[in-house]
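Below is one structure, written out as structure tokens; comments come after it.
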Amino acid sequence: MTPSGTESATIIWHVPECPFTVECSARVLDDIRLAVMDAFFSLPRGGAEIGGILLGAFENARLLIAGYAALDCEHAYGPSFTLSPPDEARLEQLLSTHANVDGGLRPVGWYHSHTRSEIFLSDADLKIHQRFFPQAWQVALVMKPHTFQPARIGFFFREVDGSIHANASYREDVLDAAPVRQMPSGAPAAPPSDDPPPQRFRQEPASEPVTLHATVIEPAVVPAPEPRLTPAPPPPPVTVHANVPLPATPAAHLPVPKFLVENASSSRRWMVVGIGVVAFLGTIGAAFQIRQMWLPRVLAAVRPASIVTSPPAAPAPAPVPPALGLSTIDREGQLQISWDRTSPSVQHSSDALLEINEGGPKPTAIQLDAAHLQTGSFTYARTAEKVDVKLIVHQANGPDFHEVTSFLGKLPERKPAEDPQAQKQREEMAMQAARLKADLTFQAAKTKKLENDVKAMRDEMRRQQLRRLNNQVGDK
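According to the numbering used here, the sequence shown holds residues 111 to 586 in order.
Below, the structure written as structure tokens:
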């Protein structure tokens, strides 16, 4: 986010996909952040989610957010910001009330907090946006609070084709707390001449100017005292008698009284500062320790008197949501994520969100529709030894259910990819070796045939020689 100015800054939010620029008052964002943090700490394990409408104007491709109005949600479906029919009626009345407000402010969008999930728009959020904020320039602001880190925000808008990128915001920003402004010191300045006179609670009769003798004690310059057990007595005051005419309303124009101030030593100032810091830290620690003691009493005190008609009975145990049976199995680097598709939470769900975190800055969010949810499994190629998996099931008519599991195991050894050029050379050499082997086989067969021919010729020559010898012996 780009702040412009220092004190009452205007925060500018813009991405290339957005057809307009969002300019929001830093004071408005800080007020919303304070309300979100207050609701976040109101309940254990995530607190309550709140929301409301954003007020401003739209002109010349600039969306100006200069105010807001909170929506009183009854949280009929749990601590999440899920609107019941009475909540929707209150939202319609809130929009109609601020439709024609003096000053040119009108509803330009809405905001709500996500305390148990990341920054995105669920199907219920999209229904609210399409029904109550149908204009092409109206936006949705989602704020994610944190206990020890600054809050994060993200805007959602309609693109040029009318679609909404709801899985995640194109740009998330950190919302730091606004600095505490220092109160001005010294006497208050006199009001300008154009301002009306101060309002009085009763009419005083007009009277003539009265002449009084006023005694004014002028401050004397006192040097820094040296270390001693008792401070030195101040010098005697200087008395001045003056005739001061008083108007009809003397209380509004009396001078600010001045006192004689003795400067403390440096060591004494640091000792006072240290005592104040220790007392402040001790107060914070005690407040956190007794929070669980006074919070139920305060909640019971602010309830309507009509509800307490009889002594409160023992609270019934909260129904345990049905388990989703989330589990993980690794098969050579392929993480198979499974859940119980016969669970009532899965059977009555509209869709789900699968979050896979491998230690990176943001988890991988995978949207599952009803058909994919009924398959009961999902395969993910992991790249880390520790993988955290969270399955959030969105109920069609009820609160959301989620279950978390983790997998820890070494990654399988993967052979490095071979150079394509080396692989091609190896294949060519294999083909050449096969050809040489075939040639050797052919030459061996040819040599064998030649050997047989030579042997046959040798045998024939021997037979012919024996025949000639026999013929010669017969002639004798």
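Ideal placement from N, C-alpha and C gives every residue a C-beta, glycine not left out.
Exposed or buried, which one is residue i when buried takes at least 16 other CB atoms within 10 Å?
i: K254; result: buried
i: T257; result: exposed
i: A261; result: buried
i: E127; result: exposed
i: S223; result: buried
i: W380; result: exposed
i: V350; result: Note that V350 scores a pLDDT of 39, beneath 50, so its modelled location is shaky; the value from the coordinates is reported in the next line. Its Cβ having fewer than 16 others within 10 Å, V350 is exposed.
i: E159; result: buried
i: S190; result: buried
i: D197; result: buried
i: K237; result: exposed
i: F385; result: In the sequence on display, residue 385 carries Ile and not Phe. By the neighbour-count rule (16 or more Cβ atoms within 10 Å), I385 is not buried but exposed.
i: F398; result: exposed
i: F84; result: Residue 84 lies beyond the residue range present for the chain, which begins at 111 and ends at 586; the question has no answer from this structure.
i: V503; result: buried
i: D529; result: exposed
i: V382; result: exposed
For residue i and residue j, which I take to be in contact (beta-carbon distance under 8 Å), what is that distance rounded to the nearest angstrom?
i: I142; j: L204; result: Not a contact, Cβ separation roughly 15 Å.
i: A491; j: G443; result: 6 Å
i: E465; j: A475; result: 6 Å
i: S194; j: E202; result: Not quite, the Cβ-Cβ distance comes to about 13 Å (not below 8 Å), so this is no contact.
i: R216; j: A209; result: 6 Å
With 7 Å as the threshold, decide whether the Cβ of residue i is near any Cβ in chain C.
i: F517; result: Although the question refers to chain C, the structure presented lacks it and comprises just one protein chain.
Taking Cβ to Cβ, would you say residue i is nearer than 7 Å to residue j?
i: F230; j: V249; result: no
i: V132; j: L181; result: no
i: A149; j: G157; result: yes
i: G188; j: P509; result: yes
i: F130; j: A171; result: yes
i: D440; j: D461; result: no
i: W449; j: L436; result: yes
i: Q505; j: S459; result: yes
i: V218; j: G166; result: yes
i: K496; j: L518; result: yes
i: A119; j: A136; result: yes
i: L501; j: L445; result: no
i: F151; j: W247; result: no
i: F265; j: W123; result: yes
For residue i and residue j, I'd like the C-alpha separation in whole angstroms.
i: S516; j: T452; result: 22 Å
i: P341; j: I263; result: With a pLDDT of 47 at P341, under the threshold of 50, the modelled position of this residue cannot be trusted, and the question is left open.
i: F488; j: K472; result: 20 Å
i: K556; j: R573; result: 26 Å
i: G498; j: E513; result: At residue 498 the sequence reads Asp, which differs from the Gly that was named. Cα to Cα, D498 sits roughly 11 Å from E513.
i: G214; j: R241; result: 23 Å
i: I550; j: T485; result: Checking the displayed sequence, the identity of residue 550 turns out to be Leu instead of Ile. The straight-line gap from Cα to Cα measures roughly 59 Å.
i: D233; j: I400; result: 39 Å
i: S279; j: E538; result: 52 Å
i: V252; j: E523; result: 42 Å
i: Y178; j: E228; result: 23 Å
i: A186; j: V387; result: 43 Å
i: Q93; j: V270; result: Nothing about residue 93 can be reported from this structure: the residues present for the chain run from 111 to 586 only.
i: F390; j: A287; result: 20 Å
i: L153; j: L285; result: 22 Å
i: N580; j: E570; result: 15 Å
i: Q542; j: K559; result: 26 Å
i: S273; j: R155; result: 34 Å
i: Q245; j: Y221; result: 16 Å
i: I394; j: M403; result: 15 Å
i: T207; j: A276; result: 29 Å
i: L139; j: R226; result: 21 Å
i: I121; j: D283; result: 11 Å
i: K547; j: V564; result: 26 Å
i: Q575; j: V583; result: 13 Å
i: G392; j: R281; result: 40 Å
i: R536; j: R545; result: 14 Å
i: T438; j: L483; result: 16 Å
i: R568; j: E561; result: 10 Å
i: Q477; j: G470; result: 19 Å
May I ask you to list the residues that DSSP assigns as paired with residue i?
i: S516; result: D498
i: I394; result: In DSSP, I394 forms no bridge with anything.
i: N467; result: D498
i: H62; result: The structure shown does not extend to residue 62, since the chain spans only 111 to 586, so no value can be given for it.
i: R441; result: Q444
i: R262; result: K254 and V284
i: A171; result: Paired residue(s): none; A171 is not in a bridge.
i: Y490; result: L445
i: D569; result: The partner list for D569 (beta bridge, DSSP) is empty, contrary to what the question assumes.
Compute every distance between the C-beta of residue i and the non-hydrogen atoms of the ligand SAH, then say whether any falls below 6 Å.
i: Y178; result: Looking for the ligand SAH in the displayed structure turns up nothing, as the structure carries no ligands at all.
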